[in-house]
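Numbering (my numbering), first residue to last: 1 to 865. Heads up, the beta-carbon is just placed ideally off N, CA and C, and yes, glycines get one too.
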RNA sequence: GCGGACGUGGCGGAACCGGUAGACGCAACGGACUUAAAAUCCGUUUCCCGUCAGGGAGUGAGGGUUCGAGUCCCUCCGUCCGCACCA
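Shown next, in the form of structure tokens:
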């Protein structure tokens, strides 16, 4: 009869023990090496599915591994609890955002506990808790005082029917997602945080983040987008009104000035707007541009369109030459000056535009090996290197020389200056929504913007709000909105915008260090724990969240709140879990557990013969119902099985598909480990009684396998290669499976191997490991046990197998002493029959020997030929 | 459109620094055990030709560098992520 591991019984039992012993509670121990592991905290959207779990399981493996290595580990969890879904639920289900959110948090917390995560729950925080957001309001006020927070006008997507601002994702084909109304661009006065003040620093410090993925650093670098260029002024020759007498442009290619054939203004450029006042067709064109929303992707994929304003500007160097001025839909007001000059020959966008409006295309940069007279630009702009041509005083110069020459002249003439421009814009944080952190200011007609005094903090969200009317409930809340001015006492009104939820997540990692402090943070605690040693989350946050957090940490450093400028020393971006999708005949999505698959791979609705269509494999999401709840796996297979499966096979940074076959495989593994341990346990020498010895060949082999596994798994966990660690453990288990102890030495070696196996799986399948540890007679808990060390003597291999190639093609292999000299390898290689056959009559030209790796015999044509 | 990544057997993937491609898992097939099934154990499994021996091809496509390329370079194709009010 086989021995079964009853996960459903064992797992809750061990979780109760961990909880009772409070072994995951983090306490600052000055002098002890610390390790702060953090997964990006979840938005409490409802129930979690197994797809959310991967992130936390990876973090938990790191936390448990580092704890075993002797680090004082901080592994906290909290809730990114403000955001739009709570308000959408309020509108659709008549639930209050707070109740909806709190219920979700309670449900999700239970689910996370089920996963067996080694989290210090005493540090739990929720961003919608006034105890959290009061500190966030304090930080905001510090920013306001220091000039890092300010107000200005900016454009938003406006839904005229719902009377609300729309997120870019809520604008679908230019229409509001709920109302279907055509979206307008509207100007609102909004709060901004001056992230651009740190642009250079945020860029430079990327170099120091050597434990971040290269791709994330590159993305941030491009996002910040530092470029050196020239800002200069065009004089308008036929200005109809005073505000249109000059046009300022910014360019990174001043060298191409003689190839300029037009100027283009952003639709909301002040000159465009001024001209539109007396030009109805232009006003219509601008209105049309505004219907395309504010997203960069939408603007850039649009067909390039322009409107000729009739204005002409003088070319700065060509006497008498003028260029037309267009308003163009692809020019962004938010970048540079909101106006450009177009050089079609050397910029693809400008070229498309010029072809459409039949503007001249004059090449001014010519590749060095081409004659200027032969060089033409057809459908593709030339952006490569070359020499200047058709450019008067620039002719013959390199691009760099020409850029400098133009800049010098413009600066000399007082019409331009060199400028460093960033793509990065200041961060607009105003949201016209209820469920967010209130911005703690009061607007007074007499005193202006007045910060809410410290004694009145926090500005709490009122609970008595309704969502039955369009717009922001705070804006129509009479008693909350209307207050006395703290300065002059006259009637004033509260700021009704709330903060972007990205603000909430920009400093929570610091709050976790002292989650119950009545200060923003406790300086001693942040000094001990920060930076986060390992941060784990999805790549989708590679730019915004991580950049905002880096900015906030710098701001907090400026205020003396923290000592570090960089919040995350190590970053890992994990992939999503995917699953097949299913639809019934009517086209409705089905949950995987509503579907049954037959032998032929065809699917039917469970318990019926109704055909189910199997759709593509996609990211697990509630909307497509391709989700698996953790409870379902836990109750039948155990969460360790789910954890093991999530770590197996697929590299952690890649998307991984959840399949029943994979779960079955993981389940077999957990059973197998348990069986090997329990079948052998009784027959082993007592723990610690006999030191492992290697006098028998079988014992030595097992010990070598054990120690290689220890070394490899340690390196793989260290390097975030969980799938490889899993493979190495399978290898050890395969060895153990066939191992029949004979001599006493074998049994001691077997004990060593089983204990090592238990310790190695402990970070990944912690409940199973506790059970095995108990069976093996281990003291205390495996969660508190020390990580095993590999003995270098047992890892070394004395003989190596090296491949022998003839002209790069493998013809055989030789087994030879490690580090054998070249002559020996050469002799052995040439002695192989297959090798001599492959050489045949050819002359040996050279033999390449790479020690312990390969021998390659290079042969030429036949001897004497 | 711009920016970033990825592409290896039937499937997920491994391959450290340019050095035996396919570790490990899944699936499939064959066998053992069993009254039978499940579970378990043993074996085979990149493809093509071949009974074997052996030979040939092969890491999205095409080219290049090298004694040697999955790995480096160029061009192309495909898939995925981000683009500032989703989190």
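Could you give the distance in angstroms between the alpha-carbon of residue i and the alpha-carbon of residue j?
i	j	result
residue 791	residue 744	21 angstroms
residue 13	residue 22	14 angstroms
residue 467	residue 97	10 angstroms
residue 863	residue 706	Residue confidence is low: residue 863 scores 44 on pLDDT, short of 50, so the model does not pin down where it sits. No coordinate-derived value is stated.
residue 157	residue 292	9 angstroms
residue 52	residue 738	37 angstroms
residue 522	residue 381	57 angstroms
residue 560	residue 148	15 angstroms
residue 129	residue 784	33 angstroms
residue 477	residue 483	11 angstroms
residue 769	residue 761	6 angstroms
residue 140	residue 543	22 angstroms
residue 597	residue 353	55 angstroms
residue 897	residue 80	This structure gives no information on residue 897, because the portion of the chain shown stretches from 1 to 865.
residue 840	residue 708	41 angstroms
residue 831	residue 795	30 angstroms
residue 125	residue 18	21 angstroms
residue 632	residue 221	43 angstroms
Out of the options, state which residue places its alpha-carbon closest to the alpha-carbon of residue i.
i	options	result
residue 498	536, 492 and 435	435
residue 198	363, 557 and 53	557
residue 37	19, 76 and 46	76
residue 275	288, 300, 248 and 307	307
residue 121	129, 193 and 110	110
residue 249	340, 490 and 317	340
residue 330	352, 283, 342 and 300	300
residue 723	376, 644, 697 and 711	644
residue 360	346, 702, 800 and 547	346
residue 720	55, 27, 43 and 47	55
residue 446	93, 454, 492 and 733	492
residue 731	757, 748 and 749	757
residue 268	231, 184, 252 and 646	184
What three-state label does DSSP hand residue i in the structure shown?
i	result
residue 780	coil
residue 595	strand
residue 263	strand
residue 124	coil
residue 845	strand
residue 39	strand
residue 684	coil
residue 407	helix
residue 730	helix
residue 786	coil
residue 589	strand
residue 159	strand
residue 519	coil
residue 508	helix
residue 855	strand
residue 662	helix
residue 298	helix
residue 474	helix
residue 422	strand
residue 348	helix
residue 499	strand
residue 315	coil
So, under 8 angstroms CB-CB, residue i and residue j are touching, yes? Tell me the CB distance rounded to an integer number of Å.
i	j	result
residue 362	residue 261	7 angstroms
residue 676	residue 788	Residue 676 to residue 788, Cβ: 17 angstroms. No contact.
**Prompt:** Quick check: the stretch 619–638 against the stretch 654–666, are there 3 or more CB pairs under 8 angstroms?
**Reply:** yes
**Message:** Would you call the stretch 397–416 in contact with the stretch 250–265, where contact means no fewer than 3 C-beta pairs closer than 8 angstroms?
**Reply:** Flag = yes, the stretch 397–416 and the stretch 250–265 touch.
**Message:** Does the contact criterion of 3 or more C-beta pairs under 8 angstroms hold for the stretch 566–578 versus the stretch 199–211?
**Reply:** yes
**the stretch 458–467 / the stretch 431–445 touching (three or more Cβ pairs under 8 angstroms)** = yes
**Prompt:** Looking at C-beta atoms only, is the number of pairs between the stretch 171–178 and the stretch 284–300 that lie closer than 8 angstroms three or more?
**Reply:** Yes, the stretch 171–178 is in contact with the stretch 284–300.
**Message:** Three or more C-beta pairs under 8 angstroms: does that hold for the stretch 820–840 against the stretch 848–858?
**Reply:** Judged by pairs of C-beta atoms under 8 angstroms, the stretch 820–840 touches the stretch 848–858, as three or more such pairs exist.
**Item:** contact_flag[the stretch 803–818, the stretch 710–718] where n(CB pairs < 8 angstroms) is 3 or more
**Value:** no
**Request:** Decide yes or no for the touch test of the stretch 187–195 against the stretch 302–320: beta carbon pairs closer than 8 angstroms, at least 3 of them.
**Result:** no
**Request:** Taking 8 angstroms as the threshold, find out whether the stretch 547–555 comes into contact with the stretch 584–592 through three or more Cβ pairs.
**Result:** no
**Touch test, the stretch 20–34 against the stretch 609–627, Cβ-Cβ under 8 angstroms, three pairs minimum** = no
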